[in-house]
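Right, one structure below, let's go through it.
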Amino acid sequence: MSFAVDVRHLSKTFVSGGQGRQRVQALRDVSLQIPEGEIFGILGPNGAGKTTFLNILSTLLLPDAGTVTILGIPSTPQNSRRLRSFLNMSSGYPNFPWCLSVEENLRFYGRLYGLPSSVLEQRIARLMKALELQRFAKVPFDELSSGTKQKLALAKAMINEPKIIFLDEPTVGLDPHVAAKMRERILEIQRETNVTVLLTTHNMREAEALCGRIAFIKDGRILKVASPGELKQFYHRESLEQIFIDLAVAQTQALESAAPPQEGPAADAGILMERHFWRDIAQWAERCQAFFVRNFLFGVRNIFTFMELVFWPSVSLVSVGLMGDFLQLQENALAFILTGAITAGVLQVTQLDVAYGLLYEVWSKSVKQTLLTPVGITESLFGAWFNGILRGGVIFIVLGLSARALFDFTSPPLGPMLIFLAGIFGCALLLGLIVNVLLLMFGQKAEITAWMFAYLFMLLSGIYYPVTTLPPFFYHVAEWIPITYFLEYLRQYFGFTSVFTHPLLKGTALTLVYLGLGLVLMRFAFHRARKKGIILRLSE
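Its first residue numbered 9, the sequence shown is counted upward by one per residue in the numbering used here.
Now the structure itself:
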């Protein structure tokens, strides 16, 4: 028999509180085998470990002990991206990017799965027709009813034609007739595709209607695995609901665990595909583009975010320019501080866009949905950065023209300006990367750093004054900040002598070194977030 899921001795404990004072054992030595093509139910009271189990199977959460094999492939951090290409999940409490329409959400997630445009558009049309979503195609997610959101969640879960789909309470909160239609759709999809379905639900009639077998789980342990009929016969009850109540209130140890683990099948070479460098690069670029488009739509559809990114740089430039006029600064001195104001505006806008790449996910509570796809740690980062470069470039032009019109600012030649701008964009990527790492390490409480770090580093790098005016300790700190060198490079064209030799070379070298270190740190933070459950908390 070929197993879709083969779990052996799985355990997971969550630690919370200072110095790990609270330990909650969510799963205890769970072993389970699920054949391909089965609809398998996982039932249990709240807090029993059902959702934790699904999150481990979907690679969002790492176990403390035990092994998981999906279609013959060991579920390890090294294999997780490949596994996610043929897994998907639908939740009864779906969250997606709020400003994207039904059609745009399906297109966004389809691109993350690397689907070609022609295939993706056909699949979107077919799924929207099957789930009666056509009339909501252009409606933003935050304007949909609960039932329509759950239909969208099911459509998203089928966008990559998965081999295994996890349904976490897919009909919770729906009207009875809507829930019945949803169950019909699930059965139709399973019959047409032979997809393996793992279902959690508190609706016992739903479990009986859909599931070939059911596992009862309580306190992280599997109590019994059998078909609905076998369960009723074993416990001498007429309904699953009566059995559920008995097991939920009973102080019972494991009555019967799953069948002893057998030898599973070898890895499917057709699923665990050989890596191809150029194909991987092309898919990476497509995913970056998907994040770029999503972030661009987020920005232009939220007028307040758009105005914030224009308002503060403009206010800063005008304030600095008027102060310079009041102090009757010489032309080169005024150019010195106006350059700082323009740099500050471009840096802040661009690094905020990089930080917003993950913050948009946090605010829309869609981190989980995105990380179910085969994305790595860099696609969202660079997609957001490319969007930041676009908006930062626009801000650069607006501020430069404003400075010229209001304060007779004369910019250096185009070549040095473009080189300087590229350096500032690189620094913005580093600042946004720091924010992403801190969010993965500490959760949503770290979001304030999106607005904090840019100003701190600008203060230390001499944004409005020569770094030689800094106290000795802070001057030496400034020597390790790339922004310092790019400012020194540009200000040479206003007649100021750089205090550093080869400022452009040093700034570029520091940026590249920090970028490499930052990506390593982000990989560590992502692994830790999967281990600690931070990814799941960012979606709550």
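Idealized CB from N, CA, C, for every residue including glycine. Remember, it's a predicted structure, so these values are computed and weren't measured experimentally.
In the DSSP assignment, P236 falls outside any beta strand (DSSP E) and lies within the alpha helix (DSSP H) extending over 236 to 243.
For I47, there is no enclosing alpha helix (DSSP H); the enclosing beta strand (DSSP E) covers residues 47 to 51. According to the DSSP assignment, P424 belongs to the alpha helix (DSSP H) that extends over 422 to 450. Closest by C-alpha distance to L513, out of Y497, V507, D416, L128, is Y497. CA-to-CA, the gap between S93 and E246 works out to about 41 Å. In this structure F48 is not in contact with S374, their Cβ atoms being roughly 26 Å apart against a cut-off of 8 Å. Pairwise C-beta distances place the stretch 166 to 181 in contact with the stretch 56 to 73, as three or more of them are shorter than 8 Å. When DSSP states are grouped into helix, strand and coil, H484 belongs to the helix group.
Per DSSP, the beta-bridge partners of T75 are R16. By the CB criterion at 8 Å, R302 and L108 fall inside the cutoff. Taken atom to atom, the span from the alpha-carbon of N113 to that of F502 is near 49 Å. By the criterion of a C-beta distance shorter than 7 Å, P71 is surrounded in its chain by L18, S19, K20, I64, once the five residues flanking it on both sides are discounted.
About 26 Å separates the CB atoms of L305 and C435; that is not less than 8 Å, and the two are not in contact. Proximity of the stretch 48 to 61 to the stretch 205 to 212 meets the contact definition, three or more beta-carbon pairs being nearer than 8 Å.
When the beta-carbon positions are compared, G228 and R89 stay at least 8 Å from each other. For V203, the closest alpha carbon among the candidates P170, F252, I230 is that of P170. According to the DSSP assignment, M97 belongs to the beta strand (DSSP E) that extends over 95 to 99. The beta carbon of R538 sits closer than 7 Å to those of L68, L69, L70, all from its chain and outside the five residues before and after it, given in chain order.
Pairwise C-beta distances place the stretch 153 to 169 in contact with the stretch 133 to 143, as three or more of them are shorter than 8 Å. Contact between the stretch 39 to 48 and the stretch 192 to 206 is present: three or more C-beta pairs spanning the two stretches fall below 8 Å. In the three-state scheme derived from DSSP, where H, G and I count as helix and E and B as strand, K137 is classed as helix. Inter-residue distance for T516 and T492 is about 11 Å (C-alpha atoms, whole angstroms). Note: R229 is bridge-paired with K226 in the DSSP secondary-structure output. With fewer than 16 other Cβ atoms from the protein chains shown falling within 10 Å of its own Cβ, D333 counts as exposed.
Counting only runs of at least 4 residues, the stretch 336 to 401 fully encloses the following alpha helix (DSSP H) elements, listed from N- to C-terminal order: 339 to 372, 375 to 379. The beta carbon of N340 lies closer than 8 Å to those of F502, G503, F504 in the same chain, with the five residues before and after it left out. If you draw a 10 Å sphere on the C-beta of T418, you find fewer than 16 other C-beta atoms in it, and that means exposed. Boundaries of the beta strand (DSSP E) around R36: 30 to 43. Sequence-distant partners of G348 (beyond 5 residues in either direction) whose C-beta falls short of 6 Å from its own C-beta, in its chain, are I471, Y472. Residue pairing of L464 in beta bridges, as defined by DSSP: absent, with no partner found.
When the beta-carbon positions are compared, F61 and Q41 stay at least 8 Å from each other.
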